[in-house]
Amino acid sequence: MRPVHLPVLVREAMEILKPERGGVYVDATVGLGGHAGEILRLIGGRGLLIGIDRDEDALLMAASALASENVVLRHSRFSGIEDVLAGLGIERVDGLFFDLGVSMAQLKQTGRGFSFSSDEPLDMRMDRTQALTAEEVVNTYTMERLALILRDYAEERRAGRIARAIAARRRERPIRTCRELAGIAARAYGAAGRGRIHPATRTFQALRIEVNRELEELQAGLDCSPRVLAKGGRIAVISYHSLEDRAVKHFFKKAAMEGQFQVLTKKPVRPGPVEVRENPAARSAKLRGAEKL
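Mapping to the working numbering: the sequence shown position 64 is 161, numbers consecutive.
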């Protein structure tokens with residue numbers, strides 16, 4: 098069955114990106130085609146949409162959703178955007194769009210290992226052609242390195258305690274499943290973990306970011322944007338946690354100071370109450386945009 102997918106901040110993202118008829122646009126996180134479908138509608142029959150994703154399953158579903166001669170889909174990471182464009186003989190594009198993080202489809206798709214409520218193997222790879230998995234991280238990284246990842250990538254206050262609990266358990270036997278790891282994190286929290294979010298939420302976020310090198314890939318995608326965007330071209334980025342949003346904010350600020358971009362969003366655009374009510378996953382979304390000078 099096709100996963101239910103509700104794209105976030107579609108109208109607001111299009112207002113920033115301003116897709117024009119006949120233009121060339123890159124959706125670097127094409128996913129299931131939610132935002133890409135709107136871009137495709139706006140650019141019309143003479144435009145070109147280049148959809149990129151590191152998840153091959155998502156590309157297959159995007160191919161079905163976006164069946165059009167005006168769409169080209171490629172399996173790649175953000176760090177490969179320039180290679181994708183070079184392979185297509187394209188030097189500059191009119192717009193670049195990123196919708197960051199893990200999708201609901203990935204969370205709900207069996208066998209992916211993103212959900213702490215499942216008995217699935219610890220995987221968490223967005224691109225299943227890569228070697229590194231969450232199981233390898235959990236069972237082979239030093240306790241100190243695990244604690245650093247939890248602190249840096251999830252701002253986890255109990256990073257040391259959770260890392261020690263992981264190290265103690267794996268001395269007995271390898272940690273193989275999501276539910277097993279979630280239980281370790283929950284016990285490390287104890288009674289203090291009975292809050293609004295599950296005590297394993299930040300642990301899973303940090304491991305996912307490490308496995309997929311998400312912050313490094315985001316930086317690579319941002320860094321290439323001045324080189325691939327035409328003058329007047331726009332970039333729009335939707336992020337879902339403070340580390341991503343901070344990276345986007347700092348990049349835009351620096352690029353504006355260097356005369357490369359004009360920042361279009363002094364503050365991030367947030368979803369309204371109606372959208373959050375209809376799609377609770379949108380509540381943490383922040384949209385920022387800039388225009389190439």
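The beta-carbon is built from N, C-alpha and C at its ideal position, and this holds for glycine as well.
Any non-hydrogen atom of the ligand FAD closer than 6 Å to residue i Cβ
{"i": "Arg293", "result": "Ligands are entirely absent from the displayed structure, and the ligand FAD is therefore not among its contents."}
Inter-residue Cα distance where the pair is residue i and residue j
{"i": "Arg99", "j": "Gly134", "result": "Since pLDDT at Arg99 reaches only 47, below the 50 mark, its modelled position is unreliable, and the value read off the structure follows with that caveat. Whole-angstrom Cα-Cα distance: 16 Å."}
{"i": "Leu243", "j": "Ile294", "result": "21 Å"}
{"i": "Asn167", "j": "Lys350", "result": "34 Å"}
{"i": "Arg270", "j": "Phe358", "result": "52 Å"}
{"i": "Gly131", "j": "Val199", "result": "14 Å"}
{"i": "Phe348", "j": "Tyr238", "result": "30 Å"}
{"i": "Phe194", "j": "Arg299", "result": "26 Å"}
{"i": "Gly184", "j": "Arg254", "result": "45 Å"}
{"i": "Leu129", "j": "Met158", "result": "6 Å"}
{"i": "Gly141", "j": "Val334", "result": "23 Å"}
{"i": "Glu311", "j": "Met223", "result": "10 Å"}
{"i": "Leu197", "j": "Ser339", "result": "12 Å"}
{"i": "Leu145", "j": "Gly119", "result": "7 Å"}
{"i": "Ser173", "j": "Gly192", "result": "18 Å"}
{"i": "Leu182", "j": "Ala327", "result": "13 Å"}
{"i": "Ala387", "j": "Ile259", "result": "39 Å"}
{"i": "Leu114", "j": "Thr362", "result": "12 Å"}
{"i": "Met111", "j": "Gly356", "result": "24 Å"}
{"i": "Leu106", "j": "Arg248", "result": "29 Å"}
{"i": "Leu156", "j": "Asp342", "result": "25 Å"}
{"i": "Ser336", "j": "Glu375", "result": "19 Å"}
{"i": "Arg151", "j": "Phe301", "result": "19 Å"}
{"i": "Gln227", "j": "Val190", "result": "28 Å"}
{"i": "Val360", "j": "Gly177", "result": "25 Å"}
Other residues of its chain near residue i: CB distance less than 6 Å, five sequence neighbours each side excluded
{"i": "Ala264", "result": "Met240"}
{"i": "Ile147", "result": "Val123, Val169"}
{"i": "Glu252", "result": "none"}
{"i": "Ala379", "result": "Val105, Pro368, Glu372, Val373"}
{"i": "Arg143", "result": "Gly119"}
Close-in-space but distant-in-sequence residues of the same chain around residue i (CB under 7 Å, 5 per side omitted)
{"i": "Glu109", "result": "Val366, Leu384"}
{"i": "Pro218", "result": "Gly210, Glu232, Arg273, Thr274"}
{"i": "Ala162", "result": "Leu129, Gly130, Gly134"}
{"i": "Glu307", "result": "Val234, Ile246, Tyr250"}
{"i": "Arg261", "result": "Met240"}
{"i": "Phe175", "result": "Ala125, Glu314, Leu315, Ala317, Gly318"}
{"i": "Lys346", "result": "Arg385"}
{"i": "Leu137", "result": "Leu146, Leu163, Ser165, Asn167, Val168"}
{"i": "Tyr286", "result": "Arg255, Pro296"}
{"i": "Leu229", "result": "Val308"}
Three-state secondary structure assigned by DSSP to residue i
{"i": "Arg134", "result": "Correcting the residue identity first, residue 134 is Gly in this sequence and not Arg. Three-state DSSP puts Gly134 in a helix."}
{"i": "Ala333", "result": "strand"}
{"i": "Pro100", "result": "Bear in mind that a pLDDT of 49 at Pro100, under 50, signals an unreliable position, so the number given afterwards is only what the model happens to contain. In this structure, Pro100 counts as coil in the three-state DSSP scheme."}
{"i": "Gln302", "result": "helix"}
{"i": "Lys351", "result": "helix"}
{"i": "Asp150", "result": "strand"}
{"i": "Lys389", "result": "strand"}
{"i": "Ala160", "result": "helix"}
{"i": "Ala110", "result": "helix"}
{"i": "Arg359", "result": "The sequence shown places Gln at residue 359, not Arg. The answer is strand: DSSP assigns Gln359 an E or B state."}
{"i": "Lys115", "result": "coil"}
{"i": "Leu193", "result": "strand"}
{"i": "Val121", "result": "strand"}
Cβ-Cβ separation, residue j to residue i (assumed contact under 8 Å), whole Å
{"i": "Met221", "j": "Gly210", "result": "5 Å"}
{"i": "Gly329", "j": "Lys389", "result": "6 Å"}
{"i": "Leu139", "j": "Pro104", "result": "The Cβ separation is near 14 Å, so there is no contact."}
{"i": "Pro368", "j": "Ala382", "result": "6 Å"}
{"i": "Ile187", "j": "Val235", "result": "At roughly 41 Å, the Cβ-Cβ gap does not stay under 8 Å, so Ile187 and Val235 are not in contact."}
{"i": "Arg276", "j": "Ser215", "result": "6 Å"}
{"i": "Phe213", "j": "Ala160", "result": "Not really, about 31 Å apart at Cβ, beyond 8 Å."}
{"i": "Ala282", "j": "Ala297", "result": "4 Å"}
Own chain partners of residue i with C-beta closer than 8 Å, once the 5 adjacent residues on each side are dropped
{"i": "Glu179", "result": "Cys321, Arg324, Val325"}
* **alpha helix (DSSP H) runs wholly inside the segment 206-267, at least 4 long, in chain order** => 231-237, 240-251
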